[in-house]
Amino acid sequence: MGHAASPAAAAAFVDAARPAWWIIAGCGAVILLLGMVTTGRWAEKTTRRAAALLEESAPAGRTSANAKA
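For the sequence shown, counting from 1, position 27 maps to 102 in the numbering used here; every step adds exactly one.
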């Protein structure tokens, strides 16, 4: 059978695990923020500007949509 942990050891484990939960919550917040930034109006404007630049540099008579890789 398993070993029973003392109440002090259990409390120490909980105290040690608390920072890990804050790190996980922080990583989740960063991912949420990145998702909002990369799908917002700013990202859409950036995509349009980049597409316009790529269209300007495409060979004559061809667009990037029908250019062969």
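Positions of the beta carbon are idealized from the N, C-alpha and C atoms, including for glycine.
Note that the structure is predicted; figures quoted are calculated from it, not measured.
(request) Enumerate in chain order the residues of its own chain whose CB-to-CB distance from glycine 110 is below 6 Å, with the five nearest sequence positions on each side excluded. (result) Working through the sequence shown from its first residue, we reach residue 110 at position 35. Excluding positions up to five away in sequence, the list is empty.
(message) Tell me the rounded alpha-carbon separation between tryptophan 117 and leucine 129.
(response) Position 42 of the sequence shown, counting from 1, holds the residue named residue 117. Position 54 of the sequence shown, counting from 1, holds the residue named residue 129. One C-alpha to the other measures close to 18 Å.
(message) Measuring straight from C-alpha to C-alpha, what distance separates alanine 104 and isoleucine 98?
(response) For the purposes of this step, residue 104 is taken as residue 29 along the sequence shown, with counting starting at 1. For the purposes of this step, residue 98 is taken as residue 23 along the sequence shown, with counting starting at 1. Approximately 10 Å between the Cα atoms of the pair.
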